[in-house]
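**Student:** First to last, the protein sequences are chains A and B.
The numbers in my numbering rise by one with no breaks, and the one at position 289 of the first sequence is 487.
The numbers in my numbering rise by one with no breaks, and the one at position 155 of the second sequence is 167.
Could you have a look at this structure, given as structure tokens, before my questions?
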Amino acid sequence: MHNILELKNLQKQYATQKAVDDVSFSIEQGSIFGLLGPNGAGKTTLLRMITGIFYPDSGDLLFDGKPFDPQNDFVHIGYMPEERGLYKKMKIGEQAMYLAQLKGLSKSEALEKIKFWFKKFEMESWWNKKVEDLSKGMSQKLQFVTTVLHEPKLIILDEPFSGLDPLNANLIKDEIYGLAQRGSTIIFSTHRMEQVEEICDHIILMNLGKKILDGTVTDVKQQFKENKFNVQFKGQPTELASPIFTIEHQEKQQLIVKINEGYNSNHVLNYLLQQDVLIERFNEILPSLNDIFIHLVEGSKATTRAFQNN
Amino acid sequence: MNKIFLVASREFKTRVQKKTFLLSTIGLPILIFGFYALMIYFQVKTTDNFKVAVSDQSKLFNGKIDDKKSTEVIFSFMDADTTALNKKLIDGAFDAYLFIPNGYNLQSGEPQISFRSSKALGLMTRDKIEDRINNALEEKKLLALNISKGQLDSARLENNAIAFTTNDGKKNNETKVGISYVVGMIAGFLIYIILFVYGTMVMRGVMEEKVSRIAEVIVSSVKPFELMLGKIFGIGAVGLIQFIIWMVLVFGLQFLIPVIFPDVAAQMQSAPIQPGAMGAVNVAKESGALQGIMAGLAEINFTLIIGCFVFYFLGGYFMYAALFAAVGSAVNEDPQDAQSLLLPIMMPIIFAMVIMTKAVNDPNSTLAIFGSLFPLTSPIVMMARVAHGVPDGVTVVQLIASMALLVLGFLGTTWVAAKIYRTGILMYGKKVTWKEMWKWAFKNN
Numbered sequence: 199m200h201n202i203l204e205l206k207n208l209q210k211q212y213a214t215q216k217a218v219d220d221v222s223f224s225i226e227q228g229s230i231f232g233l234l235g236p237n238g239a240g241k242t243t244l245l246r247m248i249t250g251i252f253y254p255d256s257g258d259l260l261f262d263g264k265p266f267d268p269q270n271d272f273v274h275i276g277y278m279p280e281e282r283g284l285y286k287k288m289k290i291g292e293q294a295m296y297l298a299q300l301k302g303l304s305k306s307e308a309l310e311k312i313k314f315w316f317k318k319f320e321m322e323s324w325w326n327k328k329v330e331d332l333s334k335g336m337s338q339k340l341q342f343v344t345t346v347l348h349e350p351k352l353i354i355l356d357e358p359f360s361g362l363d364p365l366n367a368n369l370i371k372d373e374i375y376g377l378a379q380r381g382s383t384i385i386f387s388t389h390r391m392e393q394v395e396e397i398c399d400h401i402i403l404m405n406l407g408k409k410i411l412d413g414t415v416t417d418v419k420q421q422f423k424e425n426k427f428n429v430q431f432k433g434q435p436t437e438l439a440s441p442i443f444t445i446e447h448q449e450k451q452q453l454i455v456k457i458n459e460g461y462n463s464n465h466v467l468n469y470l471l472q473q474d475v476l477i478e479r480f481n482e483i484l485p486s487l488n489d490i491f492i493h494l495v496e497g498s499k500a501t502t503r504a505f506q507n508n
Numbered sequence: 013m014n015k016i017f018l019v020a021s022r023e024f025k026t027r028v029q030k031k032t033f034l035l036s037t038i039g040l041p042i043l044i045f046g047f048y049a050l051m052i053y054f055q056v057k058t059t060d061n062f063k064v065a066v067s068d069q070s071k072l073f074n075g076k077i078d079d080k081k082s083t084e085v086i087f088s089f090m091d092a093d094t095t096a097l098n099k100k101l102i103d104g105a106f107d108a109y110l111f112i113p114n115g116y117n118l119q120s121g122e123p124q125i126s127f128r129s130s131k132a133l134g135l136m137t138r139d140k141i142e143d144r145i146n147n148a149l150e151e152k153k154l155l156a157l158n159i160s161k162g163q164l165d166s167a168r169l170e171n172n173a174i175a176f177t178t179n180d181g182k183k184n185n186e187t188k189v190g191i192s193y194v195v196g197m198i199a200g201f202l203i204y205i206i207l208f209v210y211g212t213m214v215m216r217g218v219m220e221e222k223v224s225r226i227a228e229v230i231v232s233s234v235k236p237f238e239l240m241l242g243k244i245f246g247i248g249a250v251g252l253i254q255f256i257i258w259m260v261l262v263f264g265l266q267f268l269i270p271v272i273f274p275d276v277a278a279q280m281q282s283a284p285i286q287p288g289a290m291g292a293v294n295v296a297k298e299s300g301a302l303q304g305i306m307a308g309l310a311e312i313n314f315t316l317i318i319g320c321f322v323f324y325f326l327g328g329y330f331m332y333a334a335l336f337a338a339v340g341s342a343v344n345e346d347p348q349d350a351q352s353l354l355l356p357i358m359m360p361i362i363f364a365m366v367i368m369t370k371a372v373n374d375p376n377s378t379l380a381i382f383g384s385l386f387p388l389t390s391p392i393v394m395m396a397r398v399a400h401g402v403p404d405g406v407t408v409v410q411l412i413a414s415m416a417l418l419v420l421g422f423l424g425t426t427w428v429a430a431k432i433y434r435t436g437i438l439m440y441g442k443k444v445t446w447k448e449m450w451k452w453a454f455k456n457n
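Encoded structure:
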């Protein structure tokens with residue numbers, strides 16, 4: 199698979215600090231990529247460089263294999279920033295037309311695509327309404343439509359689900375999957391880890407302007423697993439002490455064990471089978487991204503930096 | 013370029029389609045006109061068919077006050093004593109009576125002439141009646157001294173008894189100087205208003221984009237500089253259109269007055285106090301100076317003035333609009349913040365206004381020359397000098413230099429403003445100081 203985007207040693211310095219400090223990664227075409235990090239980690243700055251709003255101080259940015267040229271490549275990018283809004287006094291149809299035309303679509307193309315998306319999202323009756331009459335969720339939908347309308351190769355969504363009810367969130371989620379299947383690449387920035395786990399193929403975690411984690415969701419979980427297993431059984435075990443594992447938590451019919459160095463899960467199972475119990479369930483406990491996130495970020499100066507950044 | 017046009021046309025359309033635009037562009041002049049028309053109407057109409065009975069016991073007027081054929085105040089002579097007159101006045105046979113007692117002495121004015129009305133007289137009506145009676149009395153007095161009205165008029169000195177000239181042999185026409193003064197003042201003041209009104213409009217437009225959080229969405233497809241220019245052009249076009257409509261309406265409605273009130277124009281000649289330009293013309297007509305004003309107007313180079321007006325209007329607007337945009341970008345939700353940031357921009361505009369009031373009087377003073385060259389003040393000050401003509405008010409070299417400096421000033425402020433704007437529109441939740449804006453503008457980032 200070829201990379202839609204490659205970042206090589208990207209740096210951006212503000213007056214007092216390095217907002218993005220030597221960040222490199224690449225994104226495969228058609229993947230859903232999660233950009234994670236606490237507030238003030240430098241995510242927004244990074245995204246603004248990828249969208250051509252900011253220029254990096256140093257480093258290279260390759261878009262679709264060629265050096266990134268914001269002047270021409272902007273038509274292939276759709277950006278929904280975290281701080282997003284619409285012109286309140288403008289009619290919704292006109293607004294969508296305007297944003298589409300700014301992305302280089304002709305009037306007729308824009309009209310055709312807007313009609314298609316409005317129909318899909320059941321927004322046709324909105325055309326002559328004003329944005330100020332829309333609820334937050336409704337304007338969110340409109341923003342999503344205007345972001346993906348021009349069929350960009352790269353779609354960047356910063357907290358796309360904030361303020362959406364589960365129904366509309368699912369609608370957008372399905373669209374995201376659909377867009378990825380049709381070849382668009384999606385960068386998804388958030389601090390809602392459960393969404394990342396559900397949607398993303400690949401993630402990077404940023405903190406204090408640096409990349410501190412990079413990999414697929416499964417790899418990352420494997421990397422941070424603590425060899426914990428959940429055992430559910432029936433019956434009374436004769437003895438539950440062994441050099442193979444340590445018991446982390448014990449209930450009447452359930453155990454959480456941590457396998458010690460030099461052993462594996464089969465050793466545990468073997469041992470338990472000899473204890474005259476009926477094993478009902480045996481599964482590995484993988485850390486959630488949330489746990490990994492907290493584990494990695496906690497204790498750093500992330501919070502203070504977030505304040506300085508503003 | 014295409015994107016600047018897209019942005020500009022959105023700015024233009026959303027503003028022009030607003031109800032407030034129609035209201036302020038068309039409604040306001042009509043409202044002013046209506047007010048103006050009503051004022052004239054009432055002024056003229058209050059005295060319609062005011063009947064005054066005249067009882068001339070000493071046969072002073074021989075049955076006629078003057079030659080005026082007016083429907084406002086009608087004098088009708090009758091022979092009656094005050095008791096009879098009083099009775100008729102109460103009955104409503106007339107609105108008032110004038111009683112000239114027997115043996116009235118023109119020179120001493122004794123015994124006094126009395127005037128009695130059923131109601132208290134309005135100021136205008138009283139003025140008109142007093143005026144006509146006094147004029148008639150004056151004529152009678154002059155006649156008694158064997159002086160005719162014609163003799164008196166010719167004895168009065170005309171305005172052009174002394175010939176004022178300048179060193180280069182040009183006639184220094186007083187009327188022309190007066191007109192230049194008025195034209196310069198109006199033109200300078202208009203530009204002053206334009207800078208404020210449309211500059212603030214640009215600032216509010218930028219603030220709106222920031223507050224509604226659309227700025228970042230837009231700058232991912234448009235360069236901030238293009239967005240700023242588009243906004244400035246769009247609002248400039250709104251200003252230009254609005255201005256043209258106002259001008260057309262104001263001039264059009266002026267000419268409508270005599271059409272709507274056919275008798276008004278005629279009656280206004282006799283009105284002692286007249287509002288506005290028509291009054292001035294009438295006064296001029298009476299004193300015979302109309303030709304002078306016409307000649308003065310003809311001497312003023314209106315092509316030059318209108319040309320310069322458009323140039324300085326646009327140049328000044330573009331220069332200041334960029335600065336207003338920069339301030340708008342630096343302000344957060346709180347409009348209070350805008351106040352303090354605006355001050356340094358408003359200072360030169362107000363300063364220019366002060367210089368302008370001096371420059372209309374003395375277009376070639378050092379202060380006026382400086383003010384008309386310095387780009388931040390030139391749009392306002394130069395109009396005052398241009399009104400006096402080339403080369404009387406301003407030399408060709410100075411005019412060209414001023415225009416060139418204004419273009420440079422416009423490029424300069426736009427360059428600085430664009431850098432502030434670029435950083436400012438994406439900055440949230442932080443109160444920005446001038447020091448920081450300076451850093452944004454002059455430090456590479």
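Even glycine gets a Cβ: it sits at the ideal position worked out from N, Cα and C.
Using the Cβ count rule (16 or more neighbours within 10 Å means buried), how would you classify F267(B)?
**Tutor:** If you number the second sequence from 1, residue 267(B) lands on position 255. Its Cβ having fewer than 16 others within 10 Å, F267(B) is exposed.
**Student:** By the three-class DSSP mapping on this structure, what secondary structure does K235(B) have?
**Tutor:** To locate residue 235(B), count along the second sequence from 1; it is residue 223. Coil, per DSSP.
**Student:** DSSP state of P254(A), grouped into three classes?
**Tutor:** Your numbering for residue 254(A) matches position 56 in the first sequence. Coil, per DSSP.
**Student:** Taking its Cβ as the centre, do 16 or more other Cβ atoms sit within 10 Å of V262(B), making it buried, or is it exposed?
**Tutor:** Here residue 262(B) corresponds to residue number 250 of the second sequence, with the count starting at 1. It counts as exposed.
**Student:** Fully enclosed by the region 368 to 408 of chain A, which alpha helix (DSSP H) runs are 4 residues long or longer?
**Tutor:** 391 to 397
**Student:** Taking Cβ-Cβ distances shorter than 7 angstroms, what residues in chain A pair up with E345(B)?
**Tutor:** Your numbering for residue 345(B) matches position 333 in the second sequence. Near E345(B) there are no residues of chain A at all, since even the closest Cβ is about 12 angstroms away, more than 7 angstroms.
**Student:** Pick out whichever of R390(A), V221(A), A378(A), L340(A) has its Cα sitting closest to the Cα of P254(A).
**Tutor:** Taking the first residue of the first sequence as 1, we reach residue 254(A) at position 56. Minimum Cα distance to P254(A) is reached at V221(A).
**Student:** Would you please verify whether the beta carbon of S21(B) is less than 7 angstroms from any beta carbon of chain A?
**Tutor:** Within the second sequence, residue 21(B) is the residue found at index 9, counting from 1. No - not a single Cβ of chain A is within 7 angstroms of the one on S21(B).
**Student:** Using the rule of at least 16 other Cβ atoms within 10 Å of the residue's Cβ for burial, across every protein chain shown, is V372(B) buried or exposed?
**Tutor:** If you number the second sequence from 1, residue 372(B) lands on position 360. Buried is the call here.
**Student:** Whose C-beta lies closer than 6 angstroms to the C-beta of M295(A) among residues of the same chain, with five residues either side of it excluded?
**Tutor:** In the first sequence, the residue the question calls residue 295(A) occupies position 97. Answer for M295(A): A308, listed in chain order.
**Student:** Any Cβ of chain A within less than 7 angstroms of the Cβ of R225(B)?
**Tutor:** Within the second sequence, numbered from 1, the residue matching residue 225(B) stands at position 213. Cβ-Cβ to chain A under 7 angstroms: yes for R225(B).
**Student:** Any idea what DSSP makes of S36(B), helix, strand or coil?
**Tutor:** Within the second sequence, residue 36(B) is the residue found at index 24, counting from 1. Correct three-state label for S36(B): helix.
**Student:** Return yes when the Cβ of M219(B) is within less than 7 angstroms of the Cβ of V343(B), no when it is not.
**Tutor:** Walking along the second sequence from the start, residue 343(B) turns up at place 331. Walking along the second sequence from the start, residue 219(B) turns up at place 207. Contact flag set, yes.
**Student:** Ordered along the chain, which non-local residues of its own chain (more than five positions away) have a Cβ less than 6 angstroms from that of E446(A)?
**Tutor:** Position 248 of the first sequence, counting from 1, holds the residue named residue 446(A). Once the five neighbours on either side are set aside, the close Cβ partners of E446(A) are I454, K456.
**Student:** Just to confirm my understanding: we take V295(B), look at its own chain, exclude 5 residues before and 5 after, and list those with CB closer than 6 angstroms. What are they?
**Tutor:** Within the second sequence, the letter at position 283 stands for residue 295(B). Here the model assigns V295(B) a pLDDT of 45, short of 50, so the residue's position is not dependable and the matter cannot be decided.
**Student:** Counting C-beta neighbours from all protein chains within 10 Å, is the total for R397(B) 16 or more, i.e. buried, or is it exposed?
**Tutor:** Walking along the second sequence from the start, residue 397(B) turns up at place 385. Buried: at least 16 other Cβ atoms inside 10 Å.
**Student:** Shorter than 7 angstroms from the beta carbon of I312(A) to some beta carbon of chain B?
**Tutor:** Numbered from its first residue, the first sequence carries residue 312(A) at position 114. Closer than 7 angstroms: no.
**Student:** List the endpoints of the continuous alpha helix (DSSP H) containing T95(B).
**Tutor:** For the purposes of this step, residue 95(B) is identified with residue 83 of the second sequence, where counting begins at 1. Segment 94 to 103, the alpha helix (DSSP H) holding T95(B).
**Student:** Is I251(A) close to chain B, meaning its C-beta is less than 7 angstroms from at least one C-beta of that chain?
**Tutor:** Here residue 251(A) corresponds to residue number 53 of the first sequence, with the count starting at 1. Closer than 7 angstroms to some Cβ of chain B, the Cβ of I251(A) qualifies, so yes.
**Student:** Which whole-angstrom value describes the C-beta separation of M278(A) and Q341(A), a residue pair presumed to lie in contact below a C-beta threshold of 8 angstroms?
**Tutor:** Working through the first sequence from its first residue, we reach residue 278(A) at position 80. Working through the first sequence from its first residue, we reach residue 341(A) at position 143. The Cβ separation is near 6 angstroms, so the contact holds.
**Student:** Just checking: is the beta-carbon of E349(A) within a distance shorter than 7 angstroms of some beta-carbon in chain B?
**Tutor:** As a first step, residue 349(A) must be located in the first sequence, where it is residue number 151. Answer no: the Cβ-Cβ gap between E349(A) and chain B never drops below 7 angstroms.
**Student:** For F252(A), does the count of other Cβ atoms within 10 angstroms reach 16, so buried, or fall short, so exposed?
**Tutor:** As a working note, residue 252(A) is residue 54 in the first sequence. It is buried - the Cβ of F252(A) has at least 16 other Cβ atoms within 10 Å.
**Student:** Are the C-beta atoms of E281(A) and some chain B residue less than 7 angstroms apart?
**Tutor:** Locating residue 281(A) in the first sequence gives position 83, counting from the first residue. E281(A) counts as touching chain B.
**Student:** Any C-beta of chain A sitting closer than 7 angstroms to the C-beta of E458(B)?
**Tutor:** With chain B covering 13 to 457 only, the question about residue 458(B) has no answer from this structure.
**Student:** Which residues in chain A have a C-beta closer than 8 angstroms to the C-beta of T26(B)? List them in chain order.
**Tutor:** As a first step, residue 26(B) must be located in the second sequence, where it is residue number 14. Chain A residues near T26(B): Y285, K287, M288.
**Student:** Please report the straight-line C-alpha distance between M321(A) and G291(A), rounded to a whole angstrom.
**Tutor:** Numbered from its first residue, the first sequence carries residue 321(A) at position 123. Numbered from its first residue, the first sequence carries residue 291(A) at position 93. Going from the Cα of M321(A) to the Cα of G291(A) covers about 10 angstroms.
**Student:** For L244(A), collect the residues of the same chain with a Cβ closer than 6 angstroms to its Cβ; drop the 5 residues on either side in sequence, then sort them by chain order.
**Tutor:** The count along the first sequence starts at 1 and reaches residue 244(A) at position 46. Cβ neighbours of L244(A) beyond the five flanking positions: V218.
**Student:** Which residue wins for smallest C-alpha separation from N74(B), given the options D91(B), L97(B), V408(B), Q124(B)?
**Tutor:** Working through the second sequence from its first residue, we reach residue 74(B) at position 62. Selected option, being the one with the closest Cα: D91(B).
**Student:** In chain B, which residues lie less than 8 angstroms from Y296(A) when you measure between Cβ atoms?
**Tutor:** Mapped onto the first sequence, residue 296(A) falls at position 98. Within chain B, the residues near Y296(A) are L18, R22.
**Student:** Taking the alpha-carbon positions, what's the S282(B) to V408(B) distance?
**Tutor:** Residue mapping note: residue 282(B) aligns to position 270 of the second sequence, counting from 1. Residue mapping note: residue 408(B) aligns to position 396 of the second sequence, counting from 1. For S282(B), the pLDDT reaches just 47, beneath the cut-off of 50, and the residue's location in the model is therefore unreliable, although a value from the coordinates is still provided. S282(B) and V408(B): Cα-Cα distance of roughly 46 angstroms.
**Student:** Helix, strand or coil: how does DSSP classify R128(B) here?
**Tutor:** By 1-based counting over the second sequence, the position of residue 128(B) is 116. Correct three-state label for R128(B): strand.
**Student:** Decide if W452(B) is buried, meaning its Cβ has at least 16 other Cβ atoms within 10 Å, or exposed.
**Tutor:** On the second sequence, position 440 is the one that residue 452(B) refers to. By the 10 Å Cβ count, W452(B) comes out buried.
**Student:** What in chain B is Cβ-close to L365(A), meaning under 9 angstroms?
**Tutor:** In the first sequence, counting from the first residue as 1, residue 365(A) sits at position 167. Within chain B, no residue comes near L365(A); the closest Cβ sits about 24 angstroms away, beyond 9 angstroms.
**Student:** Apply the 10 Å Cβ neighbour rule to G288(B) and answer buried if 16 or more other Cβ atoms are within range, or exposed otherwise.
**Tutor:** Within the second sequence, the letter at position 276 stands for residue 288(B). Here the model assigns G288(B) a pLDDT of 44, short of 50, so the residue's position is not dependable, and the following value carries that caveat. The residue in question, G288(B), is exposed, as its Cβ has fewer than 16 Cβ neighbours within 10 Å.
**Student:** If you measure from the beta carbon of L259(A) to each beta carbon in chain B, is any gap under 7 angstroms?
**Tutor:** Here residue 259(A) refers to the residue found at position 61 when the first sequence is read from its first residue. With 7 angstroms as the cut-off, L259(A) does not count as an interface residue toward chain B.
**Student:** By the criterion of Cβ-Cβ separation under 9 angstroms, what are the contact partners of Y277(A) in chain B?
**Tutor:** Within the first sequence, numbered from 1, the residue matching residue 277(A) stands at position 79. By Cβ distance, chain B contributes E228, V229, S232, S233.
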